[in-house]
Each structure stands twice: as structure tokens, then as C-alpha cells.
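Colleague:
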Amino acid sequence: MAENSNLLAEQRRALILDEVRRRGGVRVNELTRRLNVSDMTVRRDLDALARQGMVEKVHGGAVPVLEASTHEPGFEAKSALELTAKEDIAREAARLVTPGSALALSGGTTTFALAHHLLQVEGLTIVTNSVRVADVFENALRHGTAPAQAATVVLTGGVRTPSDSLVGPIADRAIRSLHFDLLFLGSHGISLEAGLSTPNLAEAETNRSFVASARRVVAVADHTKWGTVGLSTFASLNEVDTLVTDVGLPLEIRSAVSEQVREVIIAGTVPGVPLSD
1 MAENSNLLAE QRRALILDEV RRRGGVRVNE LTRRLNVSDM TVRRDLDALA RQGMVEKVHG
61 GAVPVLEAST HEPGFEAKSA LELTAKEDIA REAARLVTPG SALALSGGTT TFALAHHLLQ
121 VEGLTIVTNS VRVADVFENA LRHGTAPAQA ATVVLTGGVR TPSDSLVGPI ADRAIRSLHF
181 DLLFLGSHGI SLEAGLSTPN LAEAETNRSF VASARRVVAV ADHTKWGTVG LSTFASLNEV
241 DTLVTDVGLP LEIRSAVSEQ VREVIIAGTV PGVPLSD
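Just so you know, the UniProt record's numbering puts 173 at position 173 of the sequence shown, and the rest follows in order with no gaps.
1) If we count Cβ pairs, one from each stretch, closer than 8 angstroms, do we get three or more for the region 10-23 versus the region 241-251?
2) Use the C-beta contact count for A139: other C-beta atoms within 10 angstroms, 16 or more gives buried, fewer gives exposed.
3) Return the bridge partner residues of R216 from the DSSP annotation.
4) Closer than 7 angstroms by C-beta to R13: which residues in its own chain qualify, once you throw out the five before and the five after it? Chain order, please.
5) List, from N- to C-terminal side, the alpha helix (DSSP H) runs of 4 residues or more that fit wholly inside the region 109-146.
6) Taking 8 angstroms as the cut-off, does the CB of Q149 come closer than this to any heavy atom belonging to the ligand MG?
7) Note down, one range per segment and in chain order, each alpha helix (DSSP H) of at least 4 residues found wholly within the UniProt domain "HTH deoR-type" (9-64).
8) Of all the options E56, V244 and R208, which has the alpha carbon lying nearest to the alpha carbon of R173?
9) Between the region 211-222 and the region 181-189, are three or more C-beta pairs nearer than 8 angstroms?
10) Counting beta carbon pairs with one atom in the region 141-157 and one in the region 192-204, are three or more of them shorter than 8 angstroms?
11) Is V153 buried or exposed, if buried means 16 or more other CB atoms sit within 10 Å of its CB?
12) Whose CA, out of A9, A62 and L96, lies closest to the CA of T242?
13) Would L93 and F180 qualify as a contact pair, given that the criterion is a beta-carbon distance under 9 angstroms?
14) First and last residue of the beta strand (DSSP E) that includes T152?
15) Please list, in chain order, all residues of the same chain as K86 whose beta carbon is under 7 angstroms from its beta carbon, the five residues on each side excluded.
16) Does DSSP classify D246 as helix, strand or coil?
Right, here's the structure in full:
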């Protein structure tokens with residue numbers, strides 16, 4: 001069997017994941033026909049997705065992992081996933097930043113990756129509720145790797161979540177008193193119906209405060225976030241000005257998102273290819 005060489009492994013797995021979530025399960029023989037790859041390739045892809053906790057393997061195929069909408073993975077667990085996609089997204093998102101801007105960065109592993117790309121942008125004022133993001137700038141100052149006009153970083157107070165974000169009334173009041181040129185917003189999940197969501201009710205309210213205080217909202221989310229819905233929505237897609245995602249997001253989903261989000265930026269260099277019927 002001549003395999004389809006146009007798809008990278010990450011793209012192929014994103015398409016498989018989308019198909020599993022959309023249909024509630026797929027069989028190996030269906031995927032081999034749709035993707036034009038071997039049975040062994042599909043099984044390797046399913047093994048990889050199962051190791052990441054994205055699907056559950058069953059006899060002859062795979063089904064979605066049924067997670068409670070209140071389940072919140074820790075920062076370390078999430079930081080090991082989709083490293084290439086997050087780095088691509090962070091690089092593209094950093095290009096949106098002008099020196100001297102007032103920025104807000106919410107918690108999350110993608111905003112953490114973005115923080116590293118902002119280290120050399122001069123004159124920034126950054127407000128964040130992420131302990132990890134604040135540490136990036138603090139470590140740069142400590143080791144002398146920050147520019148002459150290093151960023152001024154404000155870390156909100158609040159109660160710490162499993163993802164190392166500070167949330168609650170103290171954070172909310174501080175954020176709502178400020179005004180940001182740009183907000184970079186991570187999320188636990190994203191979908192057409194639920195928008196951006198999180199399992200943590202307090203974090204949802206803090207993120208709503210961020211959205212209310214920002215002139216421009218930029219959501220940063222890799223393709224694996226698509227179709228995941230947390231307990232609480234904190235922003236609908238039409239509240240998002242720009243979505244920065246990666247090439248793993250299937251074309252049909254990109255098209256649907258573009259109808260609600262003003263601008264969609266696809267990070268990476270290889271165009272996605274949707275499953276064909």
C-alpha cells in the first residue's frame with residue numbers, strides 16, 4: 001500500500017482525534033481508508049494518542065476519553081504535551097506585540113511558552129495571574145539576560161490553581177482596574193458552541209475580568225484543545241479578535257471558526273489536510 005506522504009504525524013493524529021470526537025469513535029480500517037496509510041501506521045497513531053490521554057483504545061479502534069468537565073490537569077502534565085505546536089503558536093503570537101505595549105497573559109502552558117518570546121521586547125508592561133509566566137521574567141532579570149528596558153511585570157494576587165494560576169476576588173479586582181492593549185488568553189478547551197472554557201469556576205471569572213479589560217483579545221490554543229469543554233465558559237468565540245493555533249487544526253474547523261473569530265492565524269509552515277468523506 002502506497003502511504004500518503006503529505007501528512008505529518010502530528011497532522012494525521014489531529015485529524016484522527018477530530019474524527020474520534022466528532023463521531024464518538026472510529027475503527028482502524030476506516031482510518032486506513034480515509035488517510036491512505038497502513039494499518040500499522042494508524043495503530044501507532046492511536047497508541048501515541050492513548051499515551052497522551054487523548055483517546056481510549058478499544059478492540060479494532062478508539063473512542064473518546066470521557067473526562068469530567070471539572071477535571072483540571074496540573075501544569076507539569078500539560079507542559080509535556082504538543083511542545084512543537086505550542087512553540088509555533090508562541091512565536092506567531094509574539095509577532096503581534098509592539099514594544100512599549102501593556103499586555104495581559106493568562107495562565108497556561110502556551111502563554112508560558114509565549115513569555116519566553118517576549119523577553120527581548122523592550123518596554124513592555126505585563127500583568128499576569130500565572131506564577132510560571134512571572135517566573136520567566138524574574139529569572140531573566142536574575143541572570144542578566146533581559147534587555148536594558150526590561151518588562152515591568154505585575155503578578156496578581158489570588159488563590160493558586162493546579163495550573164499555577166492565581167484566581168479569585170483579589171485577582172479579579174486588580175485586573176478590572178486596568179486596561180490592556182493586548183490580552184493573550186489560554187484555555188482548557190475550545191469549541192464552536194462553548195467557546196473558551198475551563199474546569200475551574202474561579203479561573204473562569206478571572207479570565208472574564210481579563211477579557212473585559214482588554215482592547216484586543218488573542219486566544220492561543222493548539223489543535224488538541226478543540227472539542228474539549230470545561231465546566232465554565234469564560235469567552236465566546238465572537239469575543240475573540242484573533243485565534244493563534246497550529247497546522248494540526250483541520251481545514252473544516254478553521255473555516256467554521258473563521259465565521260466567528262475576526263482573524264485566525266495558523267502557526268507552522270505545512271498546511272493542514274482534512275479527512276475526506
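Just so you know, even glycine gets a beta-carbon here, dropped at the ideal spot from N, CA and C.
Modeller: Looking at the coordinates:
1) yes
2) Note that residue 139 is Asn in the sequence shown, not Ala. Classification for N139: exposed.
3) None, per the DSSP bridge assignment.
4) The residues are D45, A48 and L49.
5) 109-117 and 131-142
6) The ligand MG is not part of the structure shown, which contains no ligands of any sort.
7) Listed in chain order, the alpha helix (DSSP H) runs fully inside the UniProt domain "HTH deoR-type" (9-64) are 9-23, 28-35 and 39-51, counting runs of at least 4 residues.
8) Of E56, V244 and R208, the residue nearest in Cα terms is R208.
9) The answer is yes - the region 181-189 touches the region 211-222, with three or more Cβ pairs under 8 angstroms.
10) no
11) Burial call: buried.
12) When each option's Cα is compared against that of T242, the closest is L96.
13) First, the amino acid is wrong: residue 93 is Ala here, not Leu. Not a contact, by the Cβ cut-off of 9 angstroms.
14) T152 to L155
15) Excluding residues within five positions, the ones whose Cβ falls inside 7 angstroms are T109, T110, A113 and D222.
16) strand
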